[in-house]
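*Asks:*
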Amino acid sequence: MSGRFISLEGGEGVGKSTQATRLAEALRDRGVDAIVTREPGGSEGAEAIRDLLMQGSVTRWSAHTEALLFAAARADHVEKHIRPAVEAGEWVICDRFIDSTRAYQGAQGIDDSAILALHAFGSKGLLPDRTFLLEVPQAEGAERATARDGAGADRFAAREGSFHEAVGAAFDRIADAEPDRVHRIDATGSPQQVTARLIDALSDLLP
Ligand SMILES: Nc1ncnc2c1ncn2[C@@H]1O[C@H](COP(=O)(O)OP(=O)(O)OP(=O)(O)O)[C@@H](O)[C@H]1O
Ligand SMILES: Cc1cn([C@H]2C[C@H](O)[C@@H](COP(=O)(O)O)O2)c(=O)[nH]c1=O
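What follows is the structure, given as structure tokens:
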């Protein structure tokens with residue numbers, strides 16, 4: 072039986088990594104074979120590209136170059152890790168995927184159609200069976216991320232508030248345009264409450 076591919080999306084500090092781990096545990100408790108992966112990264116080659124993308128000054132790469140690097144990392148991740156796992160019957164829970172490129176590089180002026188064309192070429196256009204957009208007020212996400220990272224913010228988290236507002240608006244547009252795939256999840260409250268909302272929002276896919 073084929074598995075499922077689930078992505079978690081949203082801005083900085085909304086709880087994606089926390090929920091990816093918790094969701095996989097909750098699925099395993101229900102007898103589902105679930106694994107967690109992340110982007111950028113998730114395969115050896117993609118993790119090497121992640122280092123290039125995350126380190127250095129904010130201006131190290133142009134938005135065009137970033138779009139190409141994210142697409143290349145994703146192509147390797149999909150080919151080496153995601154597709155084989157789903158074909159083997161596993162549920163793959165991915166911390167960020169294509170919608171992050173559409174939101175973060177889109178917020179820097181890269182056309183959505185160009186990003187989707189790169190995705191069609193690099194990853195054969197693979198889309199998740201379901202995407203959860205985790206939503207908390209931007210100030211709360213920023214507070215959580217700052218408490219976690221201190222002064223060690225990466226090239227993206229270090230950008231100004233207006234950039235993160237544009238990213239949030241881009242995620243909103245994607246969710247409005249693709250309601251069948253992209254489900255909004257209230258990510259306020261305790262981690263336990265958020266996981267319960269995710270499991271509830273997956274009930275139609277659960278065996
Ligand atoms: N529901 C929650 N309530 C309070 N704090 C939370 C909650 N979920 C996660 N956190 C904490 O907030 C911080 C950010 O969470 P996490 O790393 O899971 O977010 P993220 O969306 O993956 O962030 P980023 O995209 O910036 O990597 C962590 O310190 C985590 O422990
Ligand atoms: C996949 C992807 C990610 N980004 C940005 C978003 C975040 O700021 C970082 C990843 O950090 P995390 O702590 O692992 O969430 O990268 C992006 O700009 N475009 C993308 O496609």
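Heads up: the sequence shown runs through residues 72 to 278, numbered per our numbering.
The beta carbon of each residue, even a glycine, is placed where N, CA and C say it ideally should be.
Quantities reported herein were computed from a predicted structural model and do not represent experimental measurements.
1) Tell me the rounded alpha-carbon separation between Glu158 and Ile120.
2) Between Pro111 and Phe141, how many whole angstroms is the CB-CB distance? I'm expecting something under 8 Å.
3) Going by beta carbon distance, what residues of the same chain come within less than 7 Å of Arg101, once the five residues before and after it are set aside?
4) Let me check you understand the geometry: is the CB of Arg215 closer than 7 Å to at least one non-hydrogen atom of ligand 1?
5) My assumption, with CB atoms under 8 Å, is that Gln209 sits in contact with Glu236. Please give the rounded CB distance.
6) So Glu83 and Gly212 are in contact, right, with Cβ under 8 Å, and what is the actual spacing, rounded?
7) So if DSSP puts Thr108 in a beta bridge, which residue, or which two residues, is it bridged to?
8) Given a cut-off of 8 Å, decide if Leu98 and Gln90 are closer than it, judged by their beta-carbon atoms.
9) Between Ala143 and Thr136, what straight-line distance do the alpha-carbon atoms span, to the nearest angstrom?
10) Please work out which residues of its chain come closer than 6 Å, Cβ to Cβ, to His254, disregarding the five sequence neighbours upstream and downstream, and give them in chain order.
11) Mapping DSSP to helix, strand and coil, what is Asp257?
12) In whole angstroms, what is the alpha-carbon distance linking Leu269 and Gln176?
13) Measure the Cβ-Cβ separation of Ser114 and Asp147 and say whether it is below 8 Å.
14) Verify the contact flag: Pro199, CB atom, against every heavy atom of ligand 2, threshold strictly below 7 Å.
15) Between the region 255–269 and the region 214–223, are three or more C-beta pairs nearer than 8 Å?
16) Let me check you understand the geometry: is the CB of Thr92 closer than 7 Å to at least one non-hydrogen atom of ligand 2?
17) Between Ile186 and Ser194, what straight-line distance do the alpha-carbon atoms span, to the nearest angstrom?
18) Expressed to the nearest angstrom, what Euclidean distance is found between the alpha-carbon atoms of Gly160 and Asp200?
19) Locate the alpha helix (DSSP H) running through Gly252, then write down its first and last residues.
*Replies:* Well, looking at it:
1) Translated into positions along the sequence shown, residue 158 becomes position 87. Translated into positions along the sequence shown, residue 120 becomes position 49. Roughly 25 Å separates the two Cα atoms.
2) The residue labelled residue 111 in the question sits at position 40 within the sequence shown. The residue labelled residue 141 in the question sits at position 70 within the sequence shown. Indeed, because the Cβ distance is near 6 Å, the residues count as touching under 8 Å.
3) One-based indexing of the sequence shown puts residue 101 at position 30. Around Arg101: Leu277.
4) As a first step, residue 215 must be located in the sequence shown, where it is residue number 144. Checking every heavy atom of ligand 1 against the Cβ of Arg215, one is found closer than 7 Å.
5) As a position in the sequence shown, residue 209 is number 138, starting the count at 1. As a position in the sequence shown, residue 236 is number 165, starting the count at 1. Between Glu236 and Gln209 the Cβ distance is about 7 Å, and since that is below 8 Å, they are a contact.
6) Here residue 83 refers to the residue found at position 12 of the sequence shown. Here residue 212 refers to the residue found at position 141 of the sequence shown. At roughly 6 Å, the Cβ-Cβ gap stays under 8 Å, so Glu83 and Gly212 are in contact.
7) On the sequence shown, residue 108 is found 37 positions in, with the first residue counted as 1. According to DSSP, which records beta bridges pairwise, Thr108 is partnered with Cys165.
8) Locating residue 90 in the sequence shown gives position 19, where the first residue counts as 1. Locating residue 98 in the sequence shown gives position 27, where the first residue counts as 1. Contact annotation: Gln90 and Leu98 have beta-carbon atoms that are not nearer than 8 Å.
9) Working through the sequence shown from its first residue, we reach residue 143 at position 72. Working through the sequence shown from its first residue, we reach residue 136 at position 65. Those two C-alpha atoms are separated by around 11 Å.
10) Against the sequence shown, residue 254 aligns to sequence position 183. If we look at His254 and ignore the five residues flanking it on each side, its Cβ neighbours are Phe203 and Ala272.
11) Your numbering for residue 257 matches position 186 in the sequence shown. Residue state, collapsed to three classes: strand.
12) Position 198 of the sequence shown holds residue 269. Position 105 of the sequence shown holds residue 176. Roughly 27 Å between the two C-alpha positions.
13) As a position in the sequence shown, residue 114 is number 43, starting the count at 1. As a position in the sequence shown, residue 147 is number 76, starting the count at 1. Against a cut-off of 8 Å, the Cβ pair of Asp147 and Ser114 comes out as a contact.
14) Here the question's residue 199 lines up with position 128 in the sequence shown. No; taking the cut-off as 7 Å, the Cβ of Pro199 has no heavy atom of ligand 2 nearer than that.
15) no
16) Counting from one through the sequence shown, the residue named residue 92 turns up at place 21. Result no, Cβ not under 7 Å from ligand 2.
17) Numbered from 1 along the sequence shown, position 115 holds the residue referred to as residue 186. Numbered from 1 along the sequence shown, position 123 holds the residue referred to as residue 194. If you take the alpha carbons of Ile186 and Ser194, they lie about 11 Å apart.
18) The sequence position of residue 160 within the sequence shown is 89, counting from 1. The sequence position of residue 200 within the sequence shown is 129, counting from 1. Their backbone Cα atoms lie some 14 Å apart in a straight line.
19) Walking along the sequence shown from the start, residue 252 turns up at place 181. In the sequence on display, residue 252 carries Arg and not Gly. First-last for Arg252: undefined, no H or E at that position.
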